[in-house]
Ligand code: ADP
């Protein structure tokens, strides 16, 4: 309360009022006082000077024996002129100041010897009025050859004091009214000053709370009005600046969020300043609220000290400028590239140096490189086997010029078979390469799947019967027409059925079923063959993948058939899946859409 502007204005006005009243009162009372004394002195000097009629009459009365009585009479007749009343009296004293006669004999007998009286008794009247005295007096000495006396007039100034008191109470009343008026005035004055200040304070609080829409009203063109106007302008500028800053922040935030690289920033004491979602996902349950720099480098098994990198940035291996790169970091089955860099930031008005780490997930590239290497190794391996056989066959023929014709024939056939195998591999690889590069020329047509499946079963039956298999075809009701690349779908089905024949011991049963389902056409090829172990199932559609390499190559497989089947079915917008139980049999299922998304190439 004592700090409020209202209180301060009241205090200032009250002090001002009291000061003004005190000054006016003091000056007024002093002036009235001295005016009264001056008036008294002048009046006495005028009437009691040596050549005045009163003084002459009094001088004349000295000649009489009873001069005091005479003088009393004279002075009584001059009462009005001398202003004699209850407060002012005259006294006739002898040369020693002893009372003889006077207007008030009671007072006259107890008269004080004042400075003026003493001066008159010595014959050197002074009649000056001492400052601050509570009376005024005037004394003259009269003398002739016989008698001497002192005429003394004394004013008790009580009248003057009463007047001063009245004046004082008037000033006091004026002061009271002045104070009441000052309080009321202070109220309105402070209201006029504080209400725009309060509205500015409210505005400032709203800004501090992030609310910028509130516009302050300008009521006057004075300093406060100008301050309000400047405040509104400042708010607008601040709003624009904040919007710009938050826009930039938003951009960075979005950039960080959608960045495929993980980003993490640490403060100089190792606390996490920022981490993006990509890195949180990468770290998974390893990331918690108390995650810090030490935990980070421990987790990734990296040896890195930010202090070292700053001091010897250019000396260490792998350190470029103020960045530090660690490649091929293995974490949770992933391969990561980690780049460290210094960042400066300001906190609590001091600048600090933190660490920024950018984590690039290289697993995809690593896997790709790995699969490429594996692919090259597989192709080389697949090629080397027939090449070795061909080379062996040719060398055997060459080494024995007298070889029997039937033996020569056997080796030549063997070389031709191996050439055929190589041709199959190369043509399968070409098919896959075209599928990979989207250069396959599709011929899309509408056909009846029932006819195709009946035809395939008829063609394959010869092969199946050679292994004493029973090949059955069962369609569930009428099948819908399907639009697809007929030849390639045929190729896929032949591959699946021939696998079923190949991997089923003689005397087995192969069942082909087809049915219309919600998503299109479903074809299932089931056999009662050797089956596939569950650990091999996820890899079955990979290139060159064979469950038992020695066993399958005996059967002339390339390990590319199912990979091609998968590519063809998926290119049509369908799916291929496998269910199998070792020793019991395998079922390969195809789900094809009735209308493929593929288009024919003219
Ligand atoms: P391949 O030309 O070697 O048969 P595929 O890609 O057609 O190549 O098949 C890949 C591997 O999957 C085969 O080598 C075989 O081990 C296994 N496989 C495929 N079909 C069957 C099946 N019906 N029963 C058991 N194993 C199968």
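In my numbering, the protein residues as written are 109 to 710.
Here a beta-carbon is modelled for each residue, glycine too, at the ideal position from N, C-alpha and C.
Keep in mind it's a predicted model, so treat the numbers as computed, not measured.
Nearer than 6 angstroms: is that true of the beta carbon of residue i relative to any heavy atom of the ligand ADP?
i           : result
residue 635 : yes
residue 537 : no
residue 665 : yes
residue 640 : yes
residue 669 : yes
residue 432 : no
residue 655 : yes
residue 395 : no
residue 711 : Since the first residue of the chain shown is 109 and the last is 710, residue 711 is not available in this structure.
residue 531 : no
residue 493 : no
residue 366 : no
residue 607 : yes
residue 694 : yes
residue 581 : no
residue 611 : yes
Can you give me the start and stop residues for the beta strand (DSSP E) that residue i sits inside?
i           : result
residue 467 : 458-469
residue 156 : Element bounds for residue 156: not the beta strand (DSSP E) but the alpha helix (DSSP H), 113-156.
residue 52  : Because residue 52 is not part of the residues shown, which for the chain are 109 to 710, the question remains open.
residue 444 : 442-455
residue 197 : 196-201
residue 552 : 552-555
residue 176 : First-last for residue 176: 175-185, but that is the alpha helix (DSSP H), not the beta strand (DSSP E).
residue 329 : No beta strand (DSSP E) holds residue 329; DSSP gives it neither H nor E.
residue 580 : 578-584
residue 205 : Residue 205 -> no beta strand (DSSP E), and no H or E assigned at all.
Write down the C-beta distance between residue i and residue j rounded to the nearest angstrom, noting that I regard them as a contact closer than 8 angstroms.
i           : j           : result
residue 290 : residue 131 : The Cβ separation is near 16 angstroms, so there is no contact.
residue 604 : residue 533 : About 19 angstroms separates the two Cβ atoms, so there is no contact after all.
residue 434 : residue 410 : 5 angstroms
residue 155 : residue 199 : Their Cβ separation, rounded to whole angstroms, is 15 angstroms, which puts residue 155 and residue 199 out of contact at 8 angstroms.
residue 618 : residue 688 : So it is not a contact: roughly 14 angstroms between Cβ atoms.
residue 652 : residue 490 : 7 angstroms
residue 465 : residue 486 : Actually they are not in contact, since the Cβ atoms of residue 465 and residue 486 sit about 38 angstroms apart, beyond 8 angstroms.
residue 248 : residue 233 : 6 angstroms
Can you give me the start and stop residues for the alpha helix (DSSP H) that residue i sits inside?
i           : result
residue 163 : 161-169
residue 532 : 513-544
Query - Unbroken stretches of the beta strand (DSSP E), 3 residues or longer, contained in the segment 654-703 - result: 683-689, 693-700
Query raised in the report: Would the segment 324-333 and the segment 146-157 be scored as touching if the rule is three or more Cβ pairs under 8 angstroms?
Result: no
Report task. Please list the segments of the alpha helix (DSSP H) lying wholly inside the segment 590-642, counting only runs of 4 or more residues, in order along the chain. Result -> 594-610
Report task. Please determine if the segment 564-573 and the segment 584-594 are in contact, where contact requires at least 3 C-beta pairs separated by less than 8 angstroms. Result -> no
Query raised in the report: Can at least three beta-carbon pairs, one atom from the segment 491-498 and one from the segment 524-533, be found at a separation below 8 angstroms?
Result: yes
Requested in this report: Report the residue ranges of all alpha helix (DSSP H) runs contained in full by the segment 216-293; include only those spanning at least 4 residues, in chain order.
Outcome: 223-229
Query raised in the report: Going along the chain, which unbroken runs of the beta strand (DSSP E) with 3 or more residues stay wholly within the segment 335-419?
Result: 370-374, 380-383
Report task. Count the CB pairs spanning the segment 362-379 and the segment 458-466 that are closer than 8 angstroms, and state whether there are at least three. Result -> yes
Query raised in the report: Between the segment 670-680 and the segment 613-626, do three or more beta carbon pairs fall short of 8 angstroms?
Result: no
Requested in this report: Spell out a yes or no on whether the segment 552-559 and the segment 592-600 are touching, meaning 3 or more CB-CB pairs, one atom from each, closer than 8 angstroms.
Outcome: yes
Query raised in the report: Is there contact between the segment 136-145 and the segment 159-172, where contact requires at least three CB pairs shorter than 8 angstroms?
Result: no
Query raised in the report: Hey, is the segment 277-290 in contact with the segment 308-316, meaning 3+ C-beta pairs nearer than 8 angstroms?
Result: no
Query raised in the report: So, do the segment 296-304 and the segment 259-275 have three or more beta carbon pairs nearer to each other than 8 angstroms?
Result: no
Requested in this report: Inspect the CB distances between the segment 164-184 and the segment 214-229 and report whether three or more fall short of 8 angstroms.
Outcome: no
Query raised in the report: Can you find at least 3 beta carbon pairs, one from the segment 475-483 and one from the segment 377-397, that sit closer than 8 angstroms?
Result: no
Query raised in the report: Is there contact here, the segment 209-220 with the segment 188-199, by at least three beta-carbon pairs under 8 angstroms?
Result: yes
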